Structure formats: structure tokens, C-alpha cells
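Participant: Sharing a structure, written as C-alpha cells. Questions coming.
Number of protein chains: 2
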Amino acid sequence: MSKMKLTILGSGSALPTEKRFNTSQVLSIGEKHFMIDCGEGAQIKLRQYRIKTAKLNHIFISHLHGDHCFGLIGLISTFAMLDRKANLYIHAHADLEKLLQPQIDYFSQEMPFQVIFNPINPRSKSVIFEDKTVKVTSIPLKHSIPCCGFLFEEKEKDRHLIKEKIEFYNIPVRELHLIKKGADYTTPSGELIPNANITREAEPVKRFAYCSDTMPVDKVIPLIKDVDALFHEATFEEEEKERAKETFHSTAKQAAGVAKKGNVKMLIIGHYSARYRNTDKLLEEAKAVFENTFSANDGSVFEL
Amino acid sequence: MSKMKLTILGSGSALPTEKRFNTSQVLSIGEKHFMIDCGEGAQIKLRQYRIKTAKLNHIFISHLHGDHCFGLIGLISTFAMLDRKANLYIHAHADLEKLLQPQIDYFSQEMPFQVIFNPINPRSKSVIFEDKTVKVTSIPLKHSIPCCGFLFEEKEKDRHLIKEKIEFYNIPVRELHLIKKGADYTTPSGELIPNANITREAEPVKRFAYCSDTMPVDKVIPLIKDVDALFHEATFEEEEKERAKETFHSTAKQAAGVAKKGNVKMLIIGHYSARYRNTDKLLEEAKAVFENTFSANDGSVFEL
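Chains as they are written, first to last, in the numbering used here: chain A, 48 to 351; chain C, 48 to 351.
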């Protein structure tokens, strides 16, 4: 059974602190790891939290503020030194390639793998990555520069075959693929066996939405509707609501409002301003609006 | 009295580990801080070790391998966000400006201070910085790319006036400047007062040499001769001597050999390969050759 797990590498915002590195997270789906944003020091946290990078092939960058991408060059250099062979895909605003490629060319002259940039348009909702089991869609946000979140969705999983029934009806192997997808089975004598009699429910698909650096905006609601977990930035306490607005950020209460409207199952807040040594109040303000809220710290792991 | 103090921000080499960030150090001379190399996460360590950056105006980069300079862009961005006003001088190979300026232009569009690049030629010994109290000279090294170390020297300090004697001879204020520099005093009646009678010894000048990423080379010896402290890279144990040679690095024993030939007062080794979880053997191997050796760890502070 594939599990979905979120590991917070960095829970801070623009200024790193002793306790909070700049933004970076890893979403693990089964054995695959997806990195979301890559602030300075993300590679150090990957190592510290023992996340295997062999299955980390995709990095999603929400926007080109330094606290969300300065860790890329170090990570890529390290991958090169460790003789990584698998291509690394970076999904980000097109400008990133222009900024990063000259550095890669200079600092890692004999790359044993390719860095492949997938330019995304943060202003439009679109599928930016898809494989057999996972689909990632951009979520346009409202920040001081083009910025998007990401919706990670598992694809429909196969139904489980009930072994004894498959044997009982002597169903040929070639039929099993469709049966797992939900097809009924017709025996050679013409008897229809309903799918429900020969399979069990598939595991429910999991969905995780990441909303980074944004004012609270209603247009995200349909995209995050009913997700298993929503990460939403909560840079400020409610007291700093004006400051939040000026800087295109959210308060914890506003983040909780988005979670509530989206009817999500669980909210994770983070991206705290460096001014808050203690973030209890942020969590409290969010919980007053949306009870099932959790606070992200560096090293937090959330099983979704 | 101005003190010289070395704080190790990062003691690792190419690959950062949980315990060792990439190379970066701060040499504090009185109230001035000089940063030497700036690996990823240096700004986090600055904060963690409570080093005030208002008096950090000069950064010296030994060579353009990522583990010695990837922390610059984050540090500069943070300085911009904190509304730093003082210019920041970066002394480094000319290529750094070409690599870093486009990033600064993109990520810190309204810089409240200037980053001024001082291109240095790592292949020649030359004075690359000098102010009233300190002089910094490059030390050409032998690495896989152009690389230099740095010799930090305090300038001759003023002798201390003996207050009672100055009053006794009723020496005019305008004479004191020269007397502090060592001049004798002649009274209005023509009596010569030897300087030694009216002043006390100045504090001895301190000298610190930094030899980063290099094979052991004899040409550095005259430059580091008799320094109060030498930092010398010690990437490998003696067992990996061949590997050290291939990669243009030093073993701990070789570093100690340099210290011994240079008759330095104290040796600090670091820049350890990530393969060594425990670096006791490196220290042991160095101490067998040069007893007064110390091991650098992240957060180590050496009073020179």
C-alpha cells in the first residue's frame, strides 16, 4: 500500500533562523519523493532526515524568491559529486533555467545526469506533471511575483482481486487487468460475475495541496476542495494583518479560513515570519477557525 | 585591546553532513569581522553563533568551488532584506562577479547597499585588502582550480602613553601621535626624553593564515612563517594519501608538516571529507607531527 507522507525540511520564511530553515518540503508517495521548494540548506536537511534521494526525481518550485530556491545549486552539485545518474526534473517559472543553468555549467562541469527544466506558467491551472500513479496540477496564487501552489493527486488505484474467487471462476490472467480497473467478468458459459463479487475496494486516493506565499484567495478553493491535507502559508499573526496584505502573505487565521472553505481534512501551517520565536499563537489563531490544524516545524513528518 | 578570534561556521568539505556545513569561517579582529569562504548555510551559522554582521564588510573567497561560495547569494539577500546600508566587499576570482551579479540583480532588485567585487588573482601573492589596522595578502595554493589562501596581519599598533610621564613633561597633545609611533620627545629646554621613558610596549601584532583546498606546498612556507595561527585543510587521513594527491588536497599529517616547517604557533585543521564521521584519527595524525594542533568543528571558536 502506498502511503503519502510530508516531511518539512524548512518551515521558515524569507529570513532563516536558528530553528527554521527556508522553505522546503518533501512529499513521499510510496517510494517516490517529490521536493516542493528548495530553500538554502535543503540538502543538509535531506541528509539529516535520512531521505533517500535516489527516488527524488522531481522538484517543484512555487516561485522565484530566494528563500524558495537558493538550495537548488548546492543540491544539484552534491548529486553530481555523488555520481547520480537519473535525470532531475525541475518544474518552475522559466526564469529559473536562465539563472541556474550558468551556475550548473560553471560549478558542475561534468554532470553525470541531466537537469531538465520544465517551465511552468504559475498564472494558469494546468497539469504540470503526471506519471502512472501521480498527477500534479499548478494552483495559481496571489503573491508579489508570479507564484503557484501544487496539487498532488494519486491516480485511481486498482481494485484488489479476491484470490479465491479468481481461482474459483478460473479467470484467465489476461482478464485480470480490466477486472482490477472495475470490469465485470463473463464466464465461458455466459454467466456475468459482477466486479464487486471478485474484487475488494481499492485504497482511497490521497490528495495533498501546497499553497505557498500568497494572500488568501478564494479562487484556490475549488482546487483544494476536500483534500486530505492542505499546507498553507501562515506568515503572520492576525495582529499583523495589514503587513500580511502589503507583502502578499496570509495570517494563520486566513489560512484556516481557506482550509475551512475548502473543507479539507487537515491543515498544516508554516512559513512563519522570523519575528515569531514562539509560534503557539499562530496555531491557536488558526485552530479557532479550523480545529484540525497542525504546525510545521523543521523535521515535522505528517502521515496523510 | 583588539583581540583576534576565529569562529568556524562550517568545517566540512565538498559534501555537507549533519554535523559539518560547507566551508566558512569568520575572523574577528577587534570589532571587525572578516568572512573567509561562504559555503551554503553560512548565514544560518552566523545567526546561530550570534555574530553581528554590521561590522562584517569583507568576504574573502579562496576559490570558486561551490562548497566555498554557495552561501553568498543567501547572505546577500538577507542583508538586503535587513536593509543593510554598508557596502559589502567580496574579494574573489573575477568569475564570481559574472556568476553572482545576475542572481543579485534578479533576487534583490532594490538593493539598499552595494556589493563591490574585488577581483583577485589567486596565482600571485599580493595585498588584496588593507585598512588602518589590518592587511590581507593572498597566498597562492595548488588546487584543481585557481585557489589562494589568505594571510591576515594586524598592523603595528601604537605604543601606550604613560599618562603620568606625559603630564610630568607637560608634552603637548600635537606631539602625542608621533610619540605613540615611537618618537622620542625633546623638551622646550632641549632635553631629549627617550620614547621608552614615556611609553609602554604596544601589544604584539597578531597574524593568521588560512590555507584552503590545496596540496601541501612549500611555497606557502615563507608566507605563513611564525604566524600565531594557521588554518590548513586536512581533507584526508594519511591512508588516503593517494586520493588526496589526485584531488589536490592534503592529509592531516601533511597539514601538520606545513605548520612545522612554517614554525607557526598553532595549527587548526578542518575541511574534513564527509567519509569521516569521527575525526579523532586526523587530529592524532597531525599532532604526531605538530603537537599544537586543534580540530575545527562547526561552532569552534579559537582565541588567537
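Note that the Cβ used here is the ideal one computed from N, Cα and C, for glycine as well. These figures come from a predicted structure and were not determined experimentally.
How about A/Tyr319: is its C-beta nearer than 8 Å to some C-beta of chain C?
Facilitator: Closer than 8 Å: no.
Participant: Going by DSSP, which residues form a beta bridge with C/Tyr323?
Facilitator: Bridge partners of C/Tyr323: none, in fact.
Participant: Please report the distance separating the alpha-carbon of C/Val220 from that of C/Phe349.
Facilitator: Those two C-alpha atoms are separated by around 38 Å.
Participant: Could you compute how far the alpha carbon of A/Ala335 sits from the alpha carbon of A/Thr70?
Facilitator: Distance between the alpha carbons of A/Ala335 and A/Thr70: 25 Å.
Participant: Please report the straight-line C-alpha distance between A/Pro159 and A/Thr125, rounded to a whole angstrom.
Facilitator: Distance between the alpha carbons of A/Pro159 and A/Thr125 is about 11 Å.
Participant: Determine the direct distance from the alpha carbon of C/Phe341 to that of C/Ile316, and round the result to whole angstroms.
Facilitator: Between C/Ile316 and C/Phe341, the C-alpha separation is close to 6 Å.
Participant: What first and last residue would you give for the beta strand (DSSP E) that runs through C/Val183?
Facilitator: Val181 to Pro187 is the span of the beta strand (DSSP E), which, as asked, contains C/Val183.
Participant: Strictly under 8 Å for the Cβ-Cβ distance: is A/Leu103 near chain C by that measure?
Facilitator: Cβ-Cβ to chain C under 8 Å: no for A/Leu103.
Participant: Sort out for me which residues DSSP pairs C/His105 with in a bridge.
Facilitator: According to DSSP, which records beta bridges pairwise, C/His105 is partnered with C/Phe81 and C/Tyr136.
Participant: Report back the beta-carbon spacing between A/Pro149 and A/Pro169 to the nearest angstrom; my notes put them in contact at under 8 Å.
Facilitator: Not really, about 22 Å apart at Cβ, beyond 8 Å.
Participant: Pop quiz: A/Ile106 and A/Met82 are said to be a contact at Cβ under 8 Å. What is the actual Cβ separation, rounded to whole angstroms?
Facilitator: Correct: roughly 4 Å between the Cβ atoms.
Participant: Measure the alpha-carbon distance for A/Arg290 versus A/Tyr323 and round it to whole angstroms.
Facilitator: Each residue's Cα considered, the two are about 14 Å apart.
Participant: Quick check on the burial criterion: 16 or more other C-beta atoms within 10 angstroms. Buried or exposed for C/Arg67?
Facilitator: That one is buried.
Participant: Along the chain, where does the beta strand (DSSP E) containing C/Ser342 start, and where does it finish?
Facilitator: Residues Thr340 to Ser342.
Participant: Answer with buried or exposed for A/Val174, where buried requires no fewer than 16 other C-beta atoms within 10 angstroms of its C-beta.
Facilitator: A/Val174 comes out exposed.
Participant: Would you verify that the beta carbon of C/Ala61 is, or is not, closer than 8 Å to some beta carbon of chain A?
Facilitator: So yes, C/Ala61 belongs to the interface.
Participant: With burial defined as no fewer than 16 other Cβ atoms inside 10 Å of the residue's Cβ, what is the status of C/Ser171: buried or exposed?
Facilitator: Exposed, since its Cβ has fewer than 16 Cβ neighbours within 10 Å.
Participant: Relative to the alpha-carbon of C/His352, which residue among C/Thr233, C/Thr234, C/Asn242 and C/Lys189 has its alpha-carbon at the smallest distance?
Facilitator: Residue numbering for chain C in the displayed model covers 48 to 351; residue 352 of chain C lies beyond these limits and cannot be assessed.
Participant: Under DSSP, the beta strand (DSSP E) around C/Ala256 begins and ends at which residues?
Facilitator: It spans Arg254 to Cys258 - the beta strand (DSSP E) in which C/Ala256 sits, taken as one unbroken run.
Participant: Does A/Pro149 have its Cβ less than 8 Å from a Cβ in chain C?
Facilitator: By this cut-off, A/Pro149 is an interface position.
Participant: Does any C-beta atom of chain A lie closer than 8 Å to the C-beta of C/Met158?
Facilitator: No, C/Met158 lies away from the interface with chain A (no Cβ there is under 8 Å from its Cβ).
Participant: Go ahead and pull the three-state DSSP assignment for C/Glu285.
Facilitator: Helix.
Participant: Taking A/Lys192 as the reference, give the member of A/Asp265, A/Gly121 and A/Ser109 with the closest Cα.
Facilitator: The question names Lys, but residue 192 of chain A is Ile in the sequence shown. For the residues A/Asp265, A/Gly121 and A/Ser109, the minimum Cα distance to A/Ile192 belongs to A/Ser109.
Participant: Going by beta carbon distance, what residues of the same chain come within less than 8 Å of A/Leu223, once the five residues before and after it are set aside?
Facilitator: Hits under 8 Å: Leu208 and Ile213.
Participant: Measuring CB atoms only, is the stretch 261-279 of chain C touching the stretch 303-316 of chain C, in the sense that at least three cross pairs come out at less than 8 Å?
Facilitator: With a cut-off of 8 Å, the stretch 303-316 of chain C and the stretch 261-279 of chain C count as touching, because enough Cβ pairs lie within range.
Participant: Distance check for A/Val181 and C/Leu135, CA to CA, integer angstroms please.
Facilitator: Going from the Cα of C/Leu135 to the Cα of A/Val181 covers about 46 Å.
Participant: Out of A/Phe154, A/Lys179, A/Leu62 and A/Lys52, which one is the CA nearest neighbour of C/Ala61?
Facilitator: Cα-wise, what sits closest to C/Ala61 is A/Phe154.
Participant: Have a look at C/Arg94 and A/Val252 and give me their C-alpha separation to the nearest angstrom.
Facilitator: So the two alpha carbons sit approximately 43 Å from each other.
Participant: Among the candidates A/Lys92, A/Lys202 and A/Ser75, whose CA atom is the shortest distance from the CA of A/Ala249?
Facilitator: Measuring from the Cα of A/Ala249, the nearest candidate turns out to be A/Lys202.
Participant: If A/Ala299 sits next to A/Leu329, beta carbons under 8 Å apart, how far is it from one beta carbon to the other, in whole angstroms?
Facilitator: That pair is a contact at about 4 Å.
Participant: Which chain C residues are close to A/Gln95, counting only those with a beta carbon under 8 Å from its beta carbon?
Facilitator: Glu65, listed in chain order.
Participant: Run through the DSSP bridge pairs and tell me what C/Asn165 is partnered with.
Facilitator: C/Asn165 pairs with C/His138.
Participant: Going by DSSP, name the residue or residues bridged to A/Val174.
Facilitator: According to DSSP, which records beta bridges pairwise, A/Val174 is partnered with A/Thr184.
Participant: When you compare the CB positions of A/Gly196 and A/Ser297, do they come within less than 8 Å of one another, or not?
Facilitator: No. Outside cutoff.
Participant: Could you confirm whether any beta carbon from chain A is found closer than 8 Å to the beta carbon of C/Met82?
Facilitator: So no, C/Met82 is outside the interface.
Participant: Tell me whether the beta-carbon of A/Asp327 lies closer than 8 Å to the beta-carbon of A/Ser58.
Facilitator: Not closer than 8 Å, so no.
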